[in-house]
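Asker:
Residue numbers (my numbering): -12 to 264.
1. DSSP three-state label for residue 219, please.
2. The beta strand (DSSP E) with residue 227 in it runs from where to where?
3. Taking Cβ to Cβ, would you say residue 127 is nearer than 9 Å to residue 230?
4. Buried or exposed for residue 263, going by 16 or more other Cβ atoms inside 10 Å?
5. Under the rule that 16 or more other beta-carbon atoms within 10 Å means buried, what is residue 227, buried or exposed?
6. Note down, in chain order, each residue of its chain lying with its Cβ closer than 6 Å to the Cβ of residue 56, except the 5 sequence neighbours on either side.
7. Within this structure, are the beta carbons of residue 123 and residue 212 separated by less than 9 Å?
8. I want to know whether the stretch 143 to 151 touches the stretch 237 to 254 - three or more CB-CB distances under 8 Å.
9. Return helix, strand or coil for residue 48, following the three-state DSSP convention.
10. Tell me whether residue 184 sits in a helix, a strand or coil according to DSSP, three-state version.
11. Give a yes or no on contact between the stretch 46 to 53 and the stretch 11 to 26, applying the rule of three or more CB pairs nearer than 8 Å.
12. Would you tell me roughly how many angstroms separate the C-alpha atoms of residue 77 and residue 98, rounded to the nearest one?
13. Going by DSSP, which residues form a beta bridge with residue 146?
14. With 16 as the cutoff for other CB atoms within 10 Å, does residue 268 come out buried or exposed?
15. Report the three-state DSSP secondary structure of residue -9 (helix, strand or coil).
16. What are the uninterrupted segments assigned as alpha helix (DSSP H) that are 4 or more residues long and contained completely in the stretch 94 to 121, given in chain order?
17. Can you tell me where the beta strand (DSSP E) holding residue 71 begins and where it ends?
18. Can you give me the Cβ contacts of residue 144 inside the same chain, cut-off strictly under 8 Å, excluding the 5 residues immediately before and after it?
19. Using DSSP with H/G/I as helix, E/B as strand and the rest coil, what is residue 5?
20. Can you have a look at residue 203 and say buried or exposed, based on whether 16 or more other CB atoms are within 10 angstroms of its CB?
21. Taking the alpha-carbon positions, what's the residue 66 to residue 3 distance?
Below, the structure written as structure tokens:
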């Protein structure tokens, strides 16, 4: 049976957090972040392949008393978290998110690849249940600033291209951050096709993906973590706005903020920018 949990948690009471994909590279960082914050309490850890082990062993620390479960529904029923944090895969994140909301649990989602239709379905379900959710393509504060600066620059330098770099194991292209950057730029830039109208691609795709008149290029190579450049061109000048992420711990301040902010919401918030004061 599902339940509706739209009530705001009393002041001073710790937020009960579950981590989905706890054995993954981002999931491990979330587990550590939750355990290091006295305002948060780790009550559930879900991973389909980690086996039934203590969550502490996944991140190389002492036992926490929280055993990893393979089934999300079982974990939600047993632990009753207030929030789940999900950094799994595009193939599973939609089901996980819907399951959490149906159980009255607020999802904080960092996995990219959700379609516009799926996001709207989540938005509708949040309204129905009266609880909040956060979906963000990037929880990095630096990436948020990069996107905001790019939006401002596009007002004055409308000729732009985006180049994003990730490791070769990333599943979606372009990245969610690149797509969100393109959306923000398009809010202030009238659509027009850039470049020579007679240009010809000698190799298909060499000019990158087409978005509202400009191009997005995705680089996938081993040894790269996550970087993005937004390049603007004008008469006799160019402007490059670049953000570099060096390790997953850099996303954790943003995830921490989202976990706390989502407790105050009664609807879906899409994108990290709406959580920043």
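We put the beta carbon where it would ideally sit given N, CA and C, even for glycine.
Only a predicted model underlies this, so the values are computations on that prediction, with no experimental measurement involved.
Answerer: Taking the geometry as given:
1. Reading the chain shown from its first residue, position 232 is the one you call residue 219. In the structure shown, residue 219 sits in a strand (DSSP, three-state: E or B).
2. Mapped onto the chain shown, residue 227 falls at position 240. Segment 224 to 232, the beta strand (DSSP E) holding residue 227.
3. Position 140 of the chain shown, counting from 1, holds the residue named residue 127. Position 243 of the chain shown, counting from 1, holds the residue named residue 230. Taking 9 Å as the Cβ cut-off, residue 127 and residue 230 qualify as a contacting pair.
4. Taking the first residue of the chain shown as 1, we reach residue 263 at position 276. Result: exposed.
5. Locating residue 227 in the chain shown gives position 240, where the first residue counts as 1. Result: exposed.
6. On the chain shown, position 69 is the one that residue 56 refers to. Scanning its chain for C-beta atoms nearer than 6 Å, with the 5 sequence neighbours on each side dropped, one finds around residue 56 the residues 33, 62, in chain order.
7. Here residue 123 corresponds to residue number 136 of the chain shown, with the count starting at 1. Here residue 212 corresponds to residue number 225 of the chain shown, with the count starting at 1. No. Outside cutoff.
8. no
9. By one-based count along the chain shown, residue 48 stands at place 61. In this structure, residue 48 counts as coil in the three-state DSSP scheme.
10. Looking up residue 184 in the chain shown gives position 197. It is coil, neither helix nor strand.
11. Flag = yes, the stretch 46 to 53 and the stretch 11 to 26 touch.
12. Within the chain shown, residue 77 is the residue found at index 90, counting from 1. Within the chain shown, residue 98 is the residue found at index 111, counting from 1. Roughly 6 Å between the two C-alpha positions.
13. Walking along the chain shown from the start, residue 146 turns up at place 159. 220.
14. Because the chain in this structure spans residues -12 to 264, residue 268 falls outside the shown range and cannot be described.
15. For the purposes of this step, residue -9 is taken as the residue at position 4 of the chain shown. Confidence at residue -9 is low in this model, with a pLDDT of 44, below 50, so its placement is unreliable and no value can be given for it.
16. 103 to 116
17. Taking the first residue of the chain shown as position 1, residue 71 is located at position 84. Start and end: 70 to 73.
18. For this step, residue 144 is matched to residue 157 along the chain shown. 219, 220, 221, 226.
19. Locating residue 5 in the chain shown gives position 18, counting from the first residue. Residue 5 falls in the strand class under three-state DSSP.
20. Within the chain shown, the letter at position 216 stands for residue 203. It is buried - the Cβ of residue 203 has at least 16 other Cβ atoms within 10 Å.
21. Counted from its first residue, the chain shown places residue 66 at position 79. Counted from its first residue, the chain shown places residue 3 at position 16. If you take the alpha carbons of residue 66 and residue 3, they lie about 9 Å apart.
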